[in-house]
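Chains as they are written, first to last, in the numbering used here: chain A, 2 to 112; chain B, 77 to 191. C-beta atoms are modelled at their ideal positions from N, C-alpha and C, and glycine is treated no differently. Single-structure report; data block below.
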Amino acid sequence: AQTVTQSQPEMSVQEAETVTLSCTYDTSESDYYLFWYKQPPSRQMILVIRQEAYKQQNATENRFSVNFQKAAKSFSLKISDSQLGDAAMYFCAYKDNDMRFGAGTRLTVKP
Amino acid sequence: DTGVSQNPRHKITKRGQNVTFRCDPISEHNRLYWYRQTLGQGPEFLTYFQNEAQLEKSRLLSDRFSAERPKGSFSTLEIQRTEQGDSAMYLCASSFGGRLTGELFFGEGSRLTVL
Chain A
2 AQTVTQSQPE MSVQEAETVT LSCTYDTSES DYYLFWYKQP PSRQMILVIR QEAYKQQNAT
62 ENRFSVNFQK AAKSFSLKIS DSQLGDAAMY FCAYKDNDMR FGAGTRLTVK P
Chain B
77 DTGVSQNPRH KITKRGQNVT FRCDPISEHN RLYWYRQTLG QGPEFLTYFQ NEAQLEKSRL
137 LSDRFSAERP KGSFSTLEIQ RTEQGDSAMY LCASSFGGRL TGELFFGEGS RLTVL
């Protein structure tokens, strides 16, 4: 079964600074999707960014970008110009048939 | 598009009782997923449907758990003879497409507390 590992239970960043959240995964598949989801306290999961495994170019969505290293099975999320509203749990997810999540990283943004 | 809707949002029950949760996916979505999430943890996959067919079930889904999606529309997740360890947030998500397509759109979850 596919597994997703987030090795940073908690991270902290100063407002306006940059932070990188790490994620590794294990799979024998060649075609799959990777996602980062954000879950604010007591609120629903929302998509931050997605990456198709067949694409070499790293995905970017405004202040959010990924570093996708397929051979290393690594998928990190970089948040630039961090804002107070970025504070949340961030989950890395792998999808082929179904979607599997990591344990999450709690991001704190300091004013 | 009203998003994924889950009911009830909160359920408190006594150990041994049965509970049922309902999920209404986004109308054109053919895939529907159930997850369980405990505090501070990531969602754990339970099961998913493509239309009305239940295609995969996690080993976490013991024989006390059953999920249905009649007519490929809404879905129900029933937990029989609840145990305190069943206390969690139960998340429903839906997507459109096949195996390698589609982000999942999540509902707000149904929180279960078993006393």
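Local conformation of residue i per DSSP, three classes
i	result
K56 of chain A	coil
K147 of chain B	helix
D97 of chain A	coil
D162 of chain B	helix
L191 of chain B	coil
D100 of chain B	strand
L85 of chain A	helix
F172 of chain B	coil
H105 of chain B	coil
K71 of chain A	coil
Short CB-CB distance (under 8 Å) between residue i and chain B
i	result
L48 of chain A	yes
N98 of chain A	yes
Q9 of chain A	no
A104 of chain A	yes
Q52 of chain A	no
F92 of chain A	yes
Q45 of chain A	yes
F36 of chain A	yes
Beta-carbon contacts of residue i that lie in its chain and below 8 Å, excluding the five residues immediately before and after
i	result
D97 of chain A	Q3, T28, E30, D32, Y33 and Y34
T19 of chain A	K79, I80, S81, D82 and S83
Residue i: CB within 7 Å of a non-hydrogen atom of the ligand SAH
i	result
T106 of chain A	Looking at this structure, you won't find the ligand SAH or any other ligand, since it has none at all.
Distance CB(residue i)-CB(residue j) smaller than 8 Å
i	j	result
K87 of chain B	V95 of chain B	yes
E132 of chain B	S142 of chain B	no
L136 of chain B	L122 of chain B	yes
Q40 of chain A	A89 of chain A	yes
Q82 of chain B	N106 of chain B	no
R91 of chain B	Q156 of chain B	no
Y26 of chain A	K74 of chain A	yes
R145 of chain B	E128 of chain B	yes
Integer Cβ distance of residue i from residue j, believed to fall under 8 Å
i	j	result
Y109 of chain B	M100 of chain A	7 Å
Y95 of chain A	V5 of chain A	5 Å
C99 of chain B	F150 of chain B	6 Å
G185 of chain B	Q58 of chain A	Not a contact, Cβ separation roughly 34 Å.
L22 of chain A	F36 of chain A	Actually they are not in contact, since the Cβ atoms of L22 of chain A and F36 of chain A sit about 13 Å apart, beyond 8 Å.
Proximity test, Cβ basis, 8 Å: residue i and chain A
i	result
Q117 of chain B	yes
G183 of chain B	yes
E132 of chain B	yes
R140 of chain B	no
E104 of chain B	no
Y109 of chain B	yes
Y166 of chain B	no
F125 of chain B	no
R145 of chain B	no
R175 of chain B	yes
Cβ-based neighbour list, residue i, same chain, cut-off 6 Å, excluding 5 preceding and 5 following
i	result
Q93 of chain B	T158
P119 of chain B	Y111, Q113 and L167
S134 of chain B	F121 and L122
R107 of chain A	E11 and M90
Other residues of its chain near residue i: CB distance less than 7 Å, five sequence neighbours each side excluded
i	result
P84 of chain B	S186
I102 of chain B	D77, G79, V80, S170 and F181
S13 of chain A	T109 and K111
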